[in-house]
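Going by the working numbering, the letters in the sequence shown line up with residues 1179 to 1535, in that order.
Just so you know, even glycine gets a beta-carbon here, dropped at the ideal spot from N, CA and C.
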Amino acid sequence: MNTLIKVGLIGFGRMGRFYLQEMQKSGRWNIAYICDLNPASRKLAKELSPESKVIENEQEIFDDKTVQVVGLFALANSRKEQIEKAIQSGKHVISEKPIADTIEREWGAVKAAESSNLFSTVNLYLRNSWYHKLIKQFIDKGEIGELAIIRICHLTPGLAPGEGHEYEGPSFHDCGMHYVDITKWYAGCNFKTWNAQAVRMWNYKDPWWLQCHGTFENGVVFDITQGHVYGQLSKNQTHNSYIDIIGTEGIARMTHDFKTAVVELHGVTQTIREERPFGGKNIDVLCDLFADSVELNKRHPGLPQLRDSAIASEYAWKFLEDAKNKDLPAIGEIHTLEKIIERRKTMKNGYGLLQQL
Ligand SMILES: NC(=O)c1ccc[n+]([C@@H]2O[C@H](COP(=O)([O-])OP(=O)(O)OC[C@H]3O[C@@H](n4cnc5c(N)ncnc54)[C@H](O)[C@@H]3O)[C@@H](O)[C@H]2O)c1
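Below is the structure:
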């Protein structure tokens, strides 16, 4: 009996290829279709997954009644319609974030998903990470006393402006919405107040670094710092990524080098240091939870909801808007950005490089 879950993947760029790899590895999926508008991506799809039907027109996936799940890994401008079509044609949805290219359209996608009993999820990958789960459990046990301060920082020489992901917005939205989401996940309630400061690095039209601090409705305070501005032209690139959580009695923190994550927990009864593989985008975890849900016909509670993504996206936009209404300095010149983009085109091993075809 064939018990594989039949899936169609739409969008075969950097992320689409990660999903293919993890789904192939898990042995739980029949990757029936791969769709991409770009002929070079389709050529690669045929090579990497010869048993899949590789197509240009997504409609074939929605029209195939035997397809159970669609994976939406193209760009944000096509996602809302794809989510709606998937739900209308009775298919479960695994979506990349953001789930659309404007707030209104994201809430439209949420509405479509929530109006049906089909399962949908979105890759808010930090929620599936071992390190955030471990820290949250430690906090929930009362080890740090009352949760008071959440500080999170993610600075890398990653995707530069103008390189791609235009529908996903500036770096604080495209990447930063993950940190907005996980901060809210820890606080367990909604944002109440915020003050954002940003800078238009290299004189680009949009800020590529932003820091926001503020409060949650329960009084927990936060600061989030995110930017893809971190030593883009340094000879040997590096990054700085951490979370630092402070309670009334103890602290919990984590840092990683993209290979290994280190969690340090200083609680009232326990001091723990855990070092484990970083886990990348945790796509294996997401796909497994989703496969369990489809097989058991019961949505796994650990799966992020489309609503979570819409909320995180909305606040990331609000924080960007707040920064734009304050003093927004421009530092550097476009010429430097051009040098960065040139360098990234030929880099083989860099941060967040889109696939060159
Ligand atoms: N969850 C995360 O941590 C994370 C990380 C990176 C990217 N993403 C998201 O994943 C999405 C894809 O990002 P990427 O880095 O793979 O980008 P990419 O540019 O490498 O790939 C996008 C692919 O989609 C194809 N495409 C575009 N429109 C299409 C359409 N209508 N139908 C079919 N194919 C289409 C393009 O040809 C391209 O091959 C983005 O929305 C991005 O925000 C999420």
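Is I1423 buried or exposed, if buried means 16 or more other CB atoms sit within 10 Å of its CB?
buried
Using 7 Å as the cut-off, classify the Cβ of Y1303 as near or not near the heavy atoms of ligand 1, replying yes or no.
yes
Residue from R1206, I1281 and L1250 with nearest C-alpha to E1492:
I1281
Nearest CA to the CA of Y1309: which residue from I1489, G1186, A1430 and K1413?
A1430
Does the distance from the CB of A1374 to the CB of F1497 come in under 8 Å?
yes
Exposure of E1236, with buried meaning 16 or more beta-carbon neighbours within 10 Å:
buried
Taking 8 Å as the limit between beta carbons, can you name the residues of its chain near I1277, skipping five residues before and five after?
A1254, R1257, K1258, I1261, E1284, A1287, V1288, V1300, L1484, S1487, A1488 and S1491
Buried or exposed for R1195, please, with buried defined as at least 16 other CB atoms from any protein chain shown within 10 angstroms of its CB.
buried
Can we say the region 1349 to 1356 touches the region 1385 to 1403, given the rule of at least three CB pairs closer than 8 Å?
yes
Could you tell me which of W1380, Y1364, G1510 and K1184 sits nearest to K1231, measuring between CA atoms?
K1184
Beta carbon of C1390: closer than 7 Å to some heavy atom of ligand 1?
no
Determine the contact status of P1228 and L1515, defining contact as a CB-CB distance below 8 Å.
no
In the DSSP output, which residue or residues are listed as bridge partners for H1478?
Bridge partners of H1478: none, in fact.
Is it true that the CB of A1291 sits closer than 8 Å to the CB of I1265?
yes
Does the Cβ of T1524 have 16 or more other Cβ atoms within 10 Å, making it buried, or fewer, making it exposed?
exposed
Three or more C-beta pairs under 8 Å: does that hold for the region 1312 to 1327 against the region 1432 to 1444?
yes
Among G1336, N1396 and D1359, the one whose alpha carbon lies nearest that of Q1176
For the chain, the structure presents residues 1179 to 1535; residue 1176 sits outside this window and is missing.
Below 8 Å CB to CB, which residues in the same chain sit around G1323 once its five sequence neighbours on both sides are set aside?
G1425, T1426, E1427, G1428 and V1446
How close, in whole Å, do the beta carbons of G1536 and Y1303 come, if the pair is a contact with beta carbons under 8 Å?
Residue 1536 cannot be examined here, being either before or after the span of the chain that is shown, 1179 to 1535.
Anticipated Cβ contact below 8 Å, N1381 with I1512, distance rounded:
5 Å
Endpoints, the beta strand (DSSP E) within which V1543 is located:
The chain is shown from 1179 up to 1535; residue 1543 falls before or after that span and cannot be answered.
Nearest-angstrom beta carbon gap, H1270 and F1240 [assumed within contact, 8 Å]
Contact doesn't hold; Cβ gap of about 13 Å is too wide.
For W1386, name the three-state secondary structure that DSSP assigns.
coil
So, at 8 Å on beta carbons, what are the nonlocal neighbours of K1203 in its own chain, with the 5 sequence-adjacent residues on each side left out?
D1462
In its own chain, which residues sit with a C-beta less than 8 Å from the C-beta of Y1345, not counting the 5 before and 5 after it?
L1253, A1254, N1255 and D1279
G1205, buried or exposed, once every other Cβ within 10 Å from all chains shown has been counted against 16
exposed
CA-to-CA distance, W1372 to A1365, given in whole angstroms:
15 Å
Can you list, in chain order, the residues of its chain whose CB lies under 7 Å from that of P1348, leaving out five sequence neighbours each side?
D1384, P1385, W1386 and L1498
For A1439 and F1456, I'd like the C-alpha separation in whole angstroms.
5 Å
If you count every other CB in all the chains shown that lies within 10 Å of the CB of F1436, and 16 or more means buried, which is it?
exposed
Reducing DSSP to helix, strand and coil, say where H1434 ends up.
strand
Less than 8 Å between the CB atoms is what I'm expecting for N1460 and S1307, so what's the real figure, rounded?
6 Å
Closer than 7 Å: M1193 CB and nearest ligand 1 heavy atom
yes
Does ligand 1 have even one heavy atom less than 7 Å from the beta-carbon of S1256?
yes
First and last residue of the uninterrupted alpha helix (DSSP H) at V1399:
From DSSP, V1399 is part of no alpha helix (DSSP H) but of the beta strand (DSSP E) over V1399 to G1405.
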